[in-house]
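S.K.:
Chains as they are written, first to last, in my numbering: chain A, 4 to 113; chain B, 503 to 693.
1) So, is the C-beta of residue 527(B) closer than 7 angstroms to a C-beta in chain A?
2) Quick one: give me the first and last residue of the alpha helix (DSSP H) that residue 612(B) is part of.
3) Am I right that residue 625(B) and residue 605(B) are in contact with their C-beta atoms under 8 angstroms? What's the rounded C-beta distance?
4) Which class does residue 654(B) belong to by DSSP, given the choice of helix, strand or coil?
5) Apart from the five residues just before and just after residue 679(B), which ones in its own chain have a Cβ nearer than 8 angstroms to its Cβ?
6) Flag this pair as yes or no: are the beta carbons of residue 17(A) and residue 630(B) separated by less than 7 angstroms?
7) With a threshold of 7 angstroms between beta-carbons, can residue 61(A) be considered close to chain B, or not?
8) Between the stretch 570-579 of chain B and the stretch 41-60 of chain A, do three or more beta carbon pairs fall short of 8 angstroms?
9) Counting only beta-carbon separations shorter than 7 angstroms, does residue 40(A) have a partner in chain B?
10) Across the stretch 644-660 of chain B and the stretch 23-32 of chain A, are there enough close Cβ pairs to call them in contact, namely three or more that are closer than 8 angstroms?
11) Cβ atoms of residue 533(B) and residue 510(B): under 7 angstroms apart, would you say?
12) Using alpha carbons as the reference points, say which of 568(B), 531(B) and 582(B) lies closest to residue 556(B).
13) Note down, in chain order, each residue of its chain lying with its Cβ closer than 7 angstroms to the Cβ of residue 587(B), except the 5 sequence neighbours on either side.
14) Spell out whether any CB of chain C is found under 7 angstroms from the CB atom of residue 542(B).
15) So for residue 540(B), helix, strand or coil by DSSP?
16) I need the straight-line Cα distance from residue 689(B) to residue 632(B), nearest angstrom please.
17) Can you give me the C-alpha to C-alpha distance between residue 76(A) and residue 105(A), rounded to a whole angstrom?
18) I want to see whether chain B comes within less than 7 angstroms of residue 20(A), judged by CB atoms only; does it?
19) If contacts are defined as beta-carbon pairs under 8 angstroms, then residue 559(B) and residue 687(B) qualify, I think. What distance do you get, rounded to the angstrom?
20) Does the pairing of the stretch 33-49 of chain A with the stretch 513-523 of chain B give three or more beta-carbon distances under 8 angstroms?
21) Specify the secondary structure class of residue 591(B) as computed by DSSP and reduced to three states.
22) Quick check: what's the CA-CA separation for residue 609(B) versus residue 660(B)?
23) Taking a cut of 9 angstroms between CB atoms, which residues from the stretch 25-38 of chain A lie near chain B?
24) Checking contacts by CB at 7 angstroms: is residue 559(B) closer than that to chain A?
25) On the DSSP letters alone, give me the boundaries of the alpha helix (DSSP H) that residue 7(A) sits inside.
26) The alpha helix (DSSP H) with residue 569(B) in it runs from where to where?
27) Measure the Cβ-Cβ separation of residue 538(B) and residue 551(B) and say whether it is below 7 angstroms.
28) Short of 6 angstroms in beta carbon distance, which residues of its chain neighbour residue 672(B), apart from the five on each side in sequence? Order them along the chain.
29) Hey, how far is the Cα of residue 669(B) from the Cα of residue 20(A)?
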């Protein structure tokens, strides 16, 4: 065995003879548990955020579909009637009860 | 009433972190001794062990109980230490003049009279630590497991996930790399 191998073996024996300490720092397990609980809380928030992101796309698609449906419906119905003046709206409101009453009464047959 | 280890593991597998505490208390000394073989600073050692436990908790649902929990945990520990070595690789080559005075004395004593240089000396411990730190991560891991911890090739294969022939090849290369480092240190002594 050459001198280098002897030196190597001696150093390995030195490492073997000086085993590292197995001392555990005070309250180490509490530190690990705190990290685990923090990770759990973070996980719950992450799950909620992920769920929100997943539902975002269908929500946008649904909104777009509703807009398209509404526009298509409007164009099929034809042009909007002329807006009423304030006087016409007032008269319609005042006479609404009368109009309803006449609508409910059966038409007189002569 | 004390719960058995199997009960604690089963509860922890369901996500009960409190059941994990007795396991942490029981196995942490072993993990600290392992981590101290690879990291010098105490803050780094604590980070490694904490990382092992966090990984263990998250991987626990995959533990089927085929092997003892300690074996499963040690496999995780060795792989975490190896990842740490790969992440903290240093490429600085030390020469004889970089050594502390007691280390230089120990080497000189060994050159003159090998039996006079005692392996229990603190200088020898410092020196081997320095040499191990210069080794590439696979070499350092295999030397530590095979020669310092005196584990079998088969055991190392199970711990590291390397095949048996790969462990043997890496051990052969690691010994040669260690001799090369020592040769540089001893030669620079006479330059």
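Each residue gets a CB set at the ideal place from its N, CA and C atoms; glycine is no exception.
M.R.: For this structure:
1) yes
2) 603-614
3) 5 angstroms
4) coil
5) 637, 638 and 641
6) Yes; because the gap between Cβ atoms is below 7 angstroms, this pair is in contact.
7) For residue 61(A), the nearest beta carbon of chain B is not closer than 7 angstroms to its own beta carbon.
8) no
9) yes
10) no
11) no
12) 582(B)
13) 540, 639, 642 and 643
14) Of the protein chains in this structure, namely A and B, none is chain C.
15) In the structure shown, residue 540(B) adopts coil according to DSSP, grouped into three states.
16) 16 angstroms
17) 32 angstroms
18) yes
19) With 8 angstroms as the limit, residue 559(B) and residue 687(B) do not qualify as a contact, their Cβ atoms being about 43 angstroms apart.
20) Segments in contact, yes.
21) DSSP places residue 591(B) outside both helix and strand once states are collapsed to three, so it counts as coil.
22) 36 angstroms
23) 25, 26, 27, 28, 31, 32, 33, 34, 35, 36 and 38
24) yes
25) 6-20
26) No residue range can be given for residue 569(B), since it is assigned to no alpha helix (DSSP H) and is classified by DSSP as neither H nor E.
27) no
28) 640 and 644
29) Near 24 angstroms, if we compare the C-alpha coordinates of residue 20(A) and residue 669(B).
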